[in-house]
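J.:
There are 2 protein chains.
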Amino acid sequence: MGELALIRRIREAPTGHPWLKVGPGSDCAVVTWPAGHEMAYKIDQVVEGAHFVLDGPEAATPRQIGWKALAKAASDIAAAGCRPVAALVAINLRNGLDDTFALELHAGVKACAERLGFALAGGDITSSERTLTVCVSLIGAAPAGQPAWLRQGARAGDVLLVTGELGGSRGGKHLDFMPRVEEASQLRNLAGAGIRACIDITDGLARDAGHLCEESGVGIEIDEAALPLSAAAVSAAGRDGRSALEHVLGDGEDFELLLAVDPSAAEALMKNWAHATRLTRIGRVLPPAAGRTLKRSDGRSERLPDVGYEHGTSAGSPTQ
Amino acid sequence: MGELALIRRIREAPTGHPWLKVGPGSDCAVVTWPAGHEMAYKIDQVVEGAHFVLDGPEAATPRQIGWKALAKAASDIAAAGCRPVAALVAINLRNGLDDTFALELHAGVKACAERLGFALAGGDITSSERTLTVCVSLIGAAPAGQPAWLRQGARAGDVLLVTGELGGSRGGKHLDFMPRVEEASQLRNLAGAGIRACIDITDGLARDAGHLCEESGVGIEIDEAALPLSAAAVSAAGRDGRSALEHVLGDGEDFELLLAVDPSAAEALMKNWAHATRLTRIGRVLPPAAGRTLKRSDGRSERLPDVGYEHGTSAGSPTQ
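Sequences listed follow chains A and B, in order.
Going by our numbering, the first sequence opens with residue 7, and the numbers climb by one from there.
Going by our numbering, the second sequence opens with residue 7, and the numbers climb by one from there.
1. Put methionine 276 of chain A into one of helix, strand or coil per three-state DSSP.
2. Using 8 Å for Cβ pairs, my map puts glutamate 262 of chain A next to leucine 122 of chain A. What's the rounded Cβ distance?
3. I'd like to know whether the C-beta of glutamine 326 of chain B is nearer than 8 Å to at least one C-beta of chain A.
4. Threonine 106 of chain B: buried (16+ other C-beta within 10 angstroms of its C-beta) or exposed?
5. Tell me which residues share the same chain as proline 311 of chain B and place their Cβ nearer than 7 Å to its Cβ, disregarding the 5 neighbours each side in the sequence.
6. Express the C-alpha separation of valine 168 of chain A and aspartate 229 of chain A in angstroms, rounding to a whole number.
7. Please classify serine 307 of chain B: is it buried, with 16 or more other beta-carbons within 10 angstroms of its beta-carbon, or exposed?
8. Once DSSP output is grouped into helix, strand and coil, what is the label at leucine 196 of chain A?
9. Taking CB distances under 8 Å as the criterion, tell me whether asparagine 278 of chain B reaches chain A.
10. Below 8 Å on the Cβ atoms is my contact criterion, and I expect glutamine 158 of chain B with serine 222 of chain B to pass it. Report the Cβ-Cβ distance as a whole number of Å.
11. Starting from serine 303 of chain B, trace the alpha helix (DSSP H) both ways and give me its first and last residue.
12. Mind checking if tryptophan 25 of chain A is an interface residue toward chain B, Cβ cutoff 8 Å exclusive?
13. Please report the straight-line C-alpha distance between glycine 314 of chain A and leucine 300 of chain A, rounded to a whole angstrom.
14. Per DSSP, which residues does glutamine 51 of chain A bridge with? Please list them.
15. Quick one: is arginine 136 of chain A near chain B, going by C-beta distance under 8 Å?
16. Hey, quick one: how far does the alpha helix (DSSP H) through leucine 181 of chain A stretch, first residue to last?
17. With 16 other CB atoms within 10 Å as the buried threshold, where does glutamate 64 of chain A fall?
18. Quick check on valine 91 of chain A - is its C-beta less than 8 Å from some C-beta in chain B?
19. Give me the chain B residues within the contact set of proline 149 of chain A, using Cβ-Cβ distance strictly less than 9 Å, ordered along the chain.
20. Put phenylalanine 124 of chain A into one of helix, strand or coil per three-state DSSP.
21. Quick check: what's the CA-CA separation for glutamate 189 of chain A versus histidine 281 of chain A?
22. Step through the CB atoms of chain B and report whether any lies within less than 8 Å of the CB of lysine 349 of chain A.
23. Taking the CB atoms as reference points, tell me whether phenylalanine 124 of chain A and histidine 23 of chain B lie closer together than 8 Å.
24. Run through DSSP, which three-state label would alanine 162 of chain B get?
25. Have a look at B:Lys48, B:Ala150, B:Ser134 and flag the residue whose alpha-carbon is nearest the alpha-carbon of alanine 93 of chain B.
26. With a threshold of 8 Å between beta carbons, is isoleucine 83 of chain B in contact with chain A?
27. Tell me, please, whether the CB atom of glycine 314 of chain B is closer than 8 Å to any CB atom in chain A?
28. Quick check: what's the CA-CA separation for lysine 74 of chain B versus glycine 258 of chain B?
29. Can you list, in chain order, the residues of its chain whose CB lies under 6 Å from that of valine 101 of chain A, leaving out five sequence neighbours each side?
30. Just to confirm before moving on: does the CB-CB distance between arginine 309 of chain A and cysteine 219 of chain A stay below 8 Å?
31. Using a Cβ-Cβ cutoff of less than 7 Å, which residues in the same chain neighbour histidine 217 of chain B once the five nearest sequence positions on both sides are dropped?
32. To the nearest angstrom, how far is it from the Cα of proline 149 of chain A to the Cα of leucine 193 of chain A?
33. If aspartate 214 of chain A sits next to leucine 264 of chain A, beta carbons under 8 Å apart, how far is it from one beta carbon to the other, in whole angstroms?
34. Quick one: Cα of alanine 203 of chain A to Cα of aspartate 130 of chain A, how far?
35. For arginine 302 of chain A, which residues in the same chain have their Cβ closer than 7 Å to its Cβ, ignoring the five residues on either side in sequence?
36. Cβ closer than 8 Å: which chain B residues qualify as neighbours of glutamate 54 of chain A?
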């Protein structure tokens with residue numbers, strides 16, 4: 007695979023700029039515009055065959071494709087604790103897709119921008135023969151004088167919180183999820199600098215928790231009994247014989263926020279949380295030597311399994 | 007074609023944000039970050055089969071593809087009179103492209119960022135079966151307290167200037183051109199607010215001059231005798247029997263800057279211009295009723311022909 011070699015190369019020899027605070031490796035780049043607001047800056051793409059299909063029982067509608075393309079990027083901006091400001095969209099159409107398809111795709115893009123209150127600032131449209139791709143760039147702003155959230159910053163003793171419910175997203179949620187922009191804003195209002203690190207769950211809880219550990223240099227313990235199982239995870243487990251736990255840890259594309267929060271801030275947060283989206287304490291941050299542990303419901307501890315969602319039918323893999 | 011319907015729809019019903027100063031329709035979006043620097047914000051893509059091919063006599067190398075993807079976007083940032091600050095790159099690989107290909111592509115991307123002094127801030131890599139696409143987002147900054155340049159703003163009486171030489175780009179320049187970032191910076195230093203409007207030449211001089219007229223609500227006269235013909239335009243004319251003038255007006259992908267400049271600022275500019283890249287006075291801005299005129303070398307005036315480069319083998323068409 008060319009991807010992994012390329013990702014390594016990009017990380018090894020970054021090309022910087024005095025205003026670049028965070029480059030490859032986090033959910034977004036962070037640019038310190040010479041102003042009070044840090045900027046989260048993101049590119050993301052959805053590719054036919056890798057992120058959606060247009061035929062068969064799992065076919066996505068063009069409106070869903072437009073929504074998902076923008077919502078995925080907005081989820082990363084939320085994970086940086088920022089509010090989306092403006093998006094650009096590059097669409098590569100292909101043979102066999104007509105005006106109605108293109109307009110419906112745009113309707114999905116537009117619905118997401120309007121729902122979350124950011125601008126569609128422009129874009130580019132081309133056609134080629136064989137693959138539909140939708141590439142999105144999004145910039146977001148942290149509140150004046152406050153930093154963007156990163157994957158690094160979690161410390162032993164922090165509490166692990168997660169928004170919403172996990173697992174089973176491929177049953178439908180992955181095409182019409184709501185990025186946690188409002189939730190991020192409320193989390194920041196309630197916990198301020200008590201939010202130490204954040205990531206959005208795209209590869210699955212187990213793998214994304216692992217990313218948080220790597221970037222912060224910490225261990226974690228996740229408490230099985232506390233995990234907020236989605237109804238879709240339970241129903242997927244009923245169909246395929248895997249456990250709901252496996253679905254929660256590995257399904258991915260939940261687009262929920264996983265946060266490491268200072269313990270006293272977490273306490274205040276849980277007490278004052280007033281959003282319709284659930285917020286759940288699912289574990290804690292440990293020193294690095296503790297590794298990554300799953301505390302089972304029966305009290306046993308085991309190593310957090312390395313399961314996760316492989317994006318795409320042909321091993322697509324995001325770099326950030 | 008779905009593209010045109012989509013472009014119309016996007017223009018008809020823009021989705022805004024209080025910080026968005028310029029949306030779809032110019033070379034870049036312009037975002038007024040609450041700070042001294044206006045931000046030019048761009049997305050662009052190069053698509054196999056539309057912007058380059060990997061086989062045959064016109065095959066591009068992976069390094070050229072990486073360079074072109076970033077340089078095209080940088081050319082738009084330059085046309086906004088801004089300096090590139092940070093780029094994000096989303097690559098969709100396809101079957102049959104190996105590690106060496108991916109690393110060479112990245113080397114081209116990196117070379118462009120280093121040459122022009124901006125950050126590679128991150129990206130995304132996926133694989134799908136059938137089409138290589140490279141999508142780039144770039145943000146650039148205007149100097150503190152100065153506005154980004156737009157296509158609108160030209161006034162009757164302004165002088166039309168162009169950087170470099172025109173025509174014949176498909177003979178090779180389109181794969182290794184240097185975006186006019188340094189030139190834009192020097193133009194701004196020398197002419198300040200005397201630069202009234204700017205566009206980079208991608209569709210061809212005739213068509214892009216037309217875009218400037220539409221957006222500014224003006225007419226123009228271009229002086230054939232003054233046009234800076236490239237050696238490639240002359241040699242293409244020798245091969246295909248079309249005139250060098252036709253190549254200059256319609257070839258496109260020159261990635262030179264076309265500017266409308268206040269007459270006294272233009273005079274000072276021509277006198278003090280000290281860059282290795284040529285700067286040529288090629289005509290003037292007229293009232294809208296004058297239309298778009300080509301003053302031939304023999305003194306006759308004719309309507310500026312509507313010729314231009316159709317990007318892509320399958321009617322790709324940029325929206326901005």
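Each residue gets a CB set at the ideal place from its N, CA and C atoms; glycine is no exception.
T.: Answer, in terms of the structure:
1. In the first sequence, the residue the question calls residue 276 of chain A occupies position 270. Of the three classes helix, strand and coil, the one that applies to methionine 276 of chain A here is helix, per DSSP.
2. In the first sequence, counting from the first residue as 1, residue 262 of chain A sits at position 256. In the first sequence, counting from the first residue as 1, residue 122 of chain A sits at position 116. Not a contact, Cβ separation roughly 16 Å.
3. Here residue 326 of chain B refers to the residue found at position 320 of the second sequence. Any answer about glutamine 326 of chain B is weak, because its pLDDT of 36 lies below 50 and its placement is not dependable; what the coordinates show is given next. It does: the Cβ of glutamine 326 of chain B has a partner Cβ on chain A nearer than 8 Å.
4. Indexing the second sequence from 1 puts residue 106 of chain B at position 100. Under this definition threonine 106 of chain B is an exposed residue.
5. Along the second sequence, read from residue 1 onward, the residue named residue 311 of chain B stands at position 305. Contacts found: Ala212, Leu255.
6. By one-based count along the first sequence, residue 229 of chain A stands at place 223. By one-based count along the first sequence, residue 168 of chain A stands at place 162. Going by the C-alpha atoms only, they are around 12 Å apart.
7. The residue given as residue 307 of chain B occupies position 301 in the second sequence. Flag for serine 307 of chain B reads exposed.
8. Translated into positions along the first sequence, residue 196 of chain A becomes position 190. Correct three-state label for leucine 196 of chain A: helix.
9. Taking the first residue of the second sequence as position 1, residue 278 of chain B is located at position 272. With 8 Å as the cut-off, asparagine 278 of chain B does not count as an interface residue toward chain A.
10. Position 152 of the second sequence holds residue 158 of chain B. Position 216 of the second sequence holds residue 222 of chain B. Confirmed, Cβ separation roughly 5 Å.
11. The count along the second sequence starts at 1 and reaches residue 303 of chain B at position 297. Per DSSP, serine 303 of chain B belongs to no alpha helix (DSSP H) and is neither H nor E.
12. As a position in the first sequence, residue 25 of chain A is number 19, starting the count at 1. Yes, tryptophan 25 of chain A lies at the interface with chain B (some Cβ there is under 8 Å from its Cβ).
13. Taking the first sequence and counting its residues from 1, the one referred to as residue 314 of chain A is at position 308. Taking the first sequence and counting its residues from 1, the one referred to as residue 300 of chain A is at position 294. Spanning the two alpha carbons is a distance of roughly 15 Å.
14. The residue you call residue 51 of chain A lines up with position 45 of the first sequence. Paired residue(s): A:Cys141.
15. Within the first sequence, residue 136 of chain A is the residue found at index 130, counting from 1. Output row for arginine 136 of chain A: interface = yes.
16. Here residue 181 of chain A is taken as the residue at index 175 of the first sequence, counted from 1. Taken as a continuous stretch (DSSP letters only), the alpha helix (DSSP H) holding leucine 181 of chain A covers 179–182.
17. Along the first sequence, one-based indexing puts residue 64 of chain A at 58. With fewer than 16 Cβ atoms within 10 Å of its Cβ, glutamate 64 of chain A is classed as exposed.
18. The count along the first sequence starts at 1 and reaches residue 91 of chain A at position 85. Chain B contact via Cβ: present.
19. The residue given as residue 149 of chain A occupies position 143 in the first sequence. Result: empty, since nearest Cβ-Cβ is about 11 Å, beyond 9 Å.
20. Residue 124 of chain A sits at position 118 when you count from the first residue of the first sequence. Correct three-state label for phenylalanine 124 of chain A: coil.
21. For this step, residue 189 of chain A is matched to residue 183 along the first sequence. For this step, residue 281 of chain A is matched to residue 275 along the first sequence. So the alpha carbons of these two residues sit roughly 7 Å apart.
22. Within the shown structure, residues of chain A are numbered from 7 to 326, placing residue 349 of chain A beyond reach of any answer.
23. The residue labelled residue 124 of chain A in the question sits at position 118 within the first sequence. The residue labelled residue 23 of chain B in the question sits at position 17 within the second sequence. Yes, they are a contact pair.
24. Translated into the one-based positions of the second sequence, residue 162 of chain B becomes position 156. In this structure, alanine 162 of chain B counts as coil in the three-state DSSP scheme.
25. Indexing the second sequence from 1 puts residue 93 of chain B at position 87. Nearest option by C-alpha distance: B:Lys48.
26. Translated into the one-based positions of the second sequence, residue 83 of chain B becomes position 77. Chain A contact via Cβ: absent.
27. By 1-based counting over the second sequence, the position of residue 314 of chain B is 308. It does not; no Cβ of chain A falls within 8 Å.
28. Here the question's residue 74 of chain B lines up with position 68 in the second sequence. Here the question's residue 258 of chain B lines up with position 252 in the second sequence. Computed Cα separation, rounded: 14 Å.
29. Residue numbering aside, residue 101 of chain A sits at position 95 when the first sequence is read from its first letter. A small correction: the amino acid at residue 101 of chain A is asparagine; valine does not occupy that position in the sequence shown. Once the five neighbours on either side are set aside, the close Cβ partners of asparagine 101 of chain A are Glu135.
30. As a position in the first sequence, residue 309 of chain A is number 303, starting the count at 1. As a position in the first sequence, residue 219 of chain A is number 213, starting the count at 1. Not a contact, by the Cβ cut-off of 8 Å.
31. On the second sequence, residue 217 of chain B is found 211 positions in, with the first residue counted as 1. These residues qualify, in order along the chain: Arg157, Ile205.
32. Against the first sequence, residue 149 of chain A aligns to sequence position 143. Against the first sequence, residue 193 of chain A aligns to sequence position 187. The alpha-carbon atoms of proline 149 of chain A and leucine 193 of chain A are separated by roughly 12 Å.
33. The count along the first sequence starts at 1 and reaches residue 214 of chain A at position 208. The count along the first sequence starts at 1 and reaches residue 264 of chain A at position 258. Right, their Cβ atoms sit about 6 Å apart.
34. Within the first sequence, the letter at position 197 stands for residue 203 of chain A. Within the first sequence, the letter at position 124 stands for residue 130 of chain A. Their Cα atoms are separated by approximately 34 Å.
35. Mapped onto the first sequence, residue 302 of chain A falls at position 296. Correct list, in chain order: Glu230, Glu308.
36. Position 48 of the first sequence holds residue 54 of chain A. In chain order: Ser134.
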